[in-house]
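Below is one structure; the comments refer to it alone.
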Amino acid sequence: MIIAIDGPAASGKGTIARQLASVYGLHHLDTGILYRAVAKAVLDAGRSPDDTAQAIAAAISLDPATFDESALKAQKITEAASVVAAIPEVRQALMNYQREFATRPPGAVLDGRDIGTVIAPGADVKLFVVASPEVRAARRARELAARGEPVDEKDVLADLLRRDERDSRRTAAPFKAAPDAHLLDTTHLSIDAAFRAAVDIIEAVRTGRERR
Ligand code: DC
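At position 86 of the sequence shown (counting the first as 1) the number is 91 in this note's numbering, and the numbers step up by one without a gap.
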């Protein structure tokens, strides 16, 4: 089984994806990490994230086995990841790895921005996870504070909105819901309730009782 989960930052998609993978015994890939790793490689080389040649070279030579996920989640990498993610050749270079990951037995949960539309359009279940920008900003601010990166919630909100806009407006695999994705709004849901809502959708699809 392949489960495709797309959504904006701090919508809850990552947490839901991890929990689903654990419960259904599937592999899990947070695809944002790939774009973050490209961004980090470019920044570490002292280049700007819009240095297209450098970003493409970094994407081609990426080795996911060496990732330090915690370091890649740092706020300073976040904005740069959105910039390199708009470069079509960067996306192309990361595509095979994601598609192969999706088909590893017994299946996988992938979360990102273009999973249901581009990476796994034939996924068994597609979720499009959303939440209000204000709730997402509050969640992200809490996460960053817990990492020892205290931030102003207003700045986080502005960053999120700017990133949503860039990710949605790019021409290469823009961030959008697949037509057959199931919408899950986590604005007023606890982590537990969001997870249960995701399971309900998956079970409904699996038993052929499609919910609208
Ligand atoms: O999910 P995240 O915040 O870690 O993602 C970082 C950036 O990577 C995000 O701004 C958009 C980009 N991204 C993408 O374009 N496609 C994906 N499948 C995953 C992330």
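Positions of the beta carbon are idealized from the N, C-alpha and C atoms, including for glycine.
Check: G30 C-beta below 7 Å from any heavy atom of the ligand DC
For the purposes of this step, residue 30 is taken as the residue at position 25 of the sequence shown. Result no, Cβ not under 7 Å from the ligand DC.
Where does the unbroken alpha helix (DSSP H) through F72 begin, and where does it stop?
Within the sequence shown, residue 72 is the residue found at index 67, counting from 1. Where F72 is concerned, there is no enclosing alpha helix (DSSP H), given that its DSSP letter is neither H nor E.
Does the contact criterion of 3 or more C-beta pairs under 8 Å hold for the stretch 6-23 versus the stretch 64-72?
No, because fewer than three Cβ pairs between the stretch 6-23 and the stretch 64-72 fall closer than 8 Å, the two stretches do not touch.
With a threshold of 8 Å, are at least 3 pairs of Cβ atoms found where one atom belongs to the stretch 47-62 and the other to the stretch 77-87?
Because the criterion of three Cβ pairs below 8 Å is met, the stretch 47-62 and the stretch 77-87 touch.
Are at least three pairs of beta-carbons, each pair with one atom in the stretch 28-37 and one in the stretch 138-146, less than 8 Å apart?
Contact between the stretch 28-37 and the stretch 138-146 is absent: fewer than three C-beta pairs spanning the two stretches fall below 8 Å.
C-alpha gap between E94 and I61, whole angstroms
Along the sequence shown, read from residue 1 onward, the residue named residue 94 stands at position 89. Along the sequence shown, read from residue 1 onward, the residue named residue 61 stands at position 56. Rounded to whole angstroms, the gap between the alpha carbons of E94 and I61 is 6 Å.
Could you tell me which whole beta strand (DSSP E) segments of length 3 or greater appear in the stretch 50-126?
Within the stretch 50-126, the runs of beta strand (DSSP E) that reach at least 3 residues and sit entirely inside it are, in chain order, 113-117.
For K45, three-class secondary structure by DSSP
Numbered from its first residue, the sequence shown carries residue 45 at position 40. Collapsing the DSSP output to three states places K45 in a helix.
Enumerate in chain order the residues of its own chain whose CB-to-CB distance from G17 is below 6 Å, with the five nearest sequence positions on each side excluded.
The residue labelled residue 17 in the question sits at position 12 within the sequence shown. Taken in chain order, the residues that qualify are V134, T191 and A199.
As a quick exercise: from T212, P179 and E158, pick the residue whose alpha carbon is nearest that of I120.
For the purposes of this step, residue 120 is identified with residue 115 of the sequence shown, where counting begins at 1. It is P179.
Helix, strand or coil for K181, going by three-state DSSP, please let me know.
Taking the first residue of the sequence shown as position 1, residue 181 is located at position 176. Of the three classes helix, strand and coil, the one that applies to K181 here is coil, per DSSP.
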